[in-house]
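Numbering (our numbering), first residue to last: 2 to 277. Virtual Cβ for every residue (Gly too), placed ideally from N, Cα, C. What follows is one structure encoded as structure tokens, with my remarks underneath.
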Amino acid sequence: MSKIALVTGANQGLGFALVEGLARRLGPGDVVYLTGRDADRVAAAHERVTGARAEVRTRLLDVRDGDAVAALARELHTGHGGVDVVLSNHYLRTVPEDTPAEVIGPYVDANNLGTTRMLRAFLPVLRPGGRYIVVSSALGRLRRLPPELHPRFDAAGTLEEIDATMLAWRDAVLSGEAAGEGWPEFVNIPSKVGQVAAVRVLARQRRTEDLANGRLLVATCPGMIDTASSRPWFDMTGAQTPQEAAVALLDLALDPGLDPAFYGELVQFGKVLPWP
Numbered sequence: 002m003s004k005i006a007l008v009t010g011a012n013q014g015l016g017f018a019l020v021e022g023l024a025r026r027l028g029p030g031d032v033v034y035l036t037g038r039d040a041d042r043v044a045a046a047h048e049r050v051t052g053a054r055a056e057v058r059t060r061l062l063d064v065r066d067g068d069a070v071a072a073l074a075r076e077l078h079t080g081h082g083g084v085d086v087v088l089s090n091h092y093l094r095t096v097p098e099d100t101p102a103e104v105i106g107p108y109v110d111a112n113n114l115g116t117t118r119m120l121r122a123f124l125p126v127l128r129p130g131g132r133y134i135v136v137s138s139a140l141g142r143l144r145r146l147p148p149e150l151h152p153r154f155d156a157a158g159t160l161e162e163i164d165a166t167m168l169a170w171r172d173a174v175l176s177g178e179a180a181g182e183g184w185p186e187f188v189n190i191p192s193k194v195g196q197v198a199a200v201r202v203l204a205r206q207r208r209t210e211d212l213a214n215g216r217l218l219v220a221t222c223p224g225m226i227d228t229a230s231s232r233p234w235f236d237m238t239g240a241q242t243p244q245e246a247a248v249a250l251l252d253l254a255l256d257p258g259l260d261p262a263f264y265g266e267l268v269q270f271g272k273v274l275p276w277p
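Structure follows, in structure tokens:
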């Protein structure tokens with residue numbers, strides 16, 4: 002059976018490197034979907050793909066549009082019987098000059114609610130042996146938040162509860178109450194914690210069935226990457242190129258061996274990063 006892969010946020014940076022890497026490592030008859038929310042950028046990215054053995058197809062996808070996410074999942078289920086690899090890589094960037102209250106609405110909508118929309122739509126069509134990978138960050142460990150905020154994530158039992166926590170954080174930023182509640186000023190930290198927490202919630206629900214069917218659900222930290230999103234925030238000395246960073250993620254997505262210890266965890270370079 003042909004393998005079907007999908008990458009969100011794929012028109013540049015790590016997302017593009019993941020598409021190109023998948024297209025080179027998969028074979029004829031396999032299909033890689035390159036997705037993004039801007040038609041011109043998606044088309045231009047498709048033209049830049051080189052060395053592909055698998056077919057690369059493009060789709061417009063804005064993860065802030067729940068109907069569009071669900072429709073694409075239905076399309077892949079109807080056309081291919083499901084999907085084998087999902088790399089949930091989308092990211093709405095911010096820069097240090099941004100005022101958090103002015104960007105927090107679309108930021109949470111894309112990076113957090115977009116992540117849970119993808120999980121809801123595509124996990125049900127992940128075929129046996131499939132890999133669902135949420136690209137997150139080492140900042141997504143619960144230890145990055147003060148202890149008083151930990152129960153908001155650890156006690157959550159559903160994606161709806163995780164979404165509610167992220168929306169409550171958004172509202173606290175908008176009202177100016179976030180610092181008083183203990184939320185860090187750097188919005189990337191709560192957002193990444195929310196992504197990893199969403200994976201952990203679903204992993205508790207799905208672990209037995211998924212492992213029995215060879216599926217892997219995991220969050221990953223690709224390490225420091227020299228991209229337009231990272232440069233305004235961090236010193237890029239020693240940072241990886243997107244192509245270098247893609248290697249470990251592609252290995253995780255395509256290695257037929259399944260390490261049960263990775264399931265539901267945050268993984269970086271083949272090691273589980275502790276959550277608590």
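How long is the line joining the alpha carbons of residue i and residue j, rounded to whole angstroms?
i: Tyr133; j: Val57; result: 19 Å
i: Gly271; j: Val70; result: 30 Å
i: Arg142; j: Val194; result: 6 Å
i: Glu21; j: Ala254; result: 14 Å
i: Pro191; j: Phe154; result: 10 Å
i: Gly28; j: Arg144; result: 41 Å
i: Gly83; j: His47; result: 23 Å
i: Glu210; j: Arg49; result: 39 Å
For residue i, report the span of its alpha helix (DSSP H) as first-last.
i: Ile190; result: Asn189 to Ala213
i: Thr9; result: Careful: Thr9 lies outside any alpha helix (DSSP H) and carries neither H nor E.
i: Leu217; result: From DSSP, Leu217 is part of no alpha helix (DSSP H) but of the beta strand (DSSP E) over Leu217 to Thr221.
i: Val70; result: Gly67 to His81
Just to confirm the assignment, what range does the beta strand (DSSP E) spanning residue i have?
i: Tyr108; result: Taken as a continuous stretch (DSSP letters only), Tyr108 belongs to no beta strand (DSSP E), being part of the alpha helix (DSSP H) at Pro101 to Val109.
i: Asp85; result: Val84 to Ser89
i: Gln280; result: Residue 280 cannot be examined here, being either before or after the span of the chain that is shown, 2 to 277.
i: Glu56; result: Glu56 to Leu61
i: Gly37; result: Val32 to Gly37
Kindly list the residues whose CB is nearer than 8 Å to the CB of residue i, restricted to its own chain and excluding five residues on each side of it in sequence; keep chain order.
i: Pro129; result: Asn214, Gly215 and Arg216
i: Asp85; result: Lys4, Ile5, Ala6, Leu127, Arg128, Gly130, Gly131 and Arg132
i: Arg94; result: Ala229 and Ser230
i: Leu160; result: Thr117, Leu120, Arg121, Ala199, Val202 and Leu203
Just to confirm my understanding: we take residue i, look at its own chain, exclude 5 residues before and 5 after, and list those with CB closer than 6 Å. What are they?
i: Gln269; result: Cys222
Which same chain residues end up closer than 7 Å to residue i when comparing Cβ atoms and leaving out the 5 residues on each side of it in sequence?
i: Ala179; result: Trp170 and Ala173
i: Arg54; result: Ala24, Arg25, Leu27, Gly28 and Pro29
i: Val64; result: Thr9, Val70, His91, Ala111, Gly115, Arg118 and Met119
i: Ala204; result: Leu218, Tyr264 and Gly265
Review point. Would you say the segment 220-229 touches the segment 164-182, given that touching needs at least three Cβ pairs under 8 Å?
Key: no
Exercise for review: Could you say if the segment 7-18 and the segment 238-251 meet the contact criterion of at least three C-beta pairs nearer than 8 Å?
Suggested key: yes
Check your understanding: Would you call the segment 155-168 and the segment 108-118 in contact, with 3 or more CB pairs under 8 Å?
Key -> yes
Check your understanding: Would you say the segment 3-14 touches the segment 78-91, given that touching needs at least three Cβ pairs under 8 Å?
Key -> yes
Practice item. Report yes or no: do the segment 116-128 and the segment 26-43 share at least 3 C-beta pairs separated by less than 8 Å? Key: no
Point to revise | 3-residue-minimum beta strand (DSSP E) runs that sit fully inside the segment 103-171, ordered along the chain | key: 127-136
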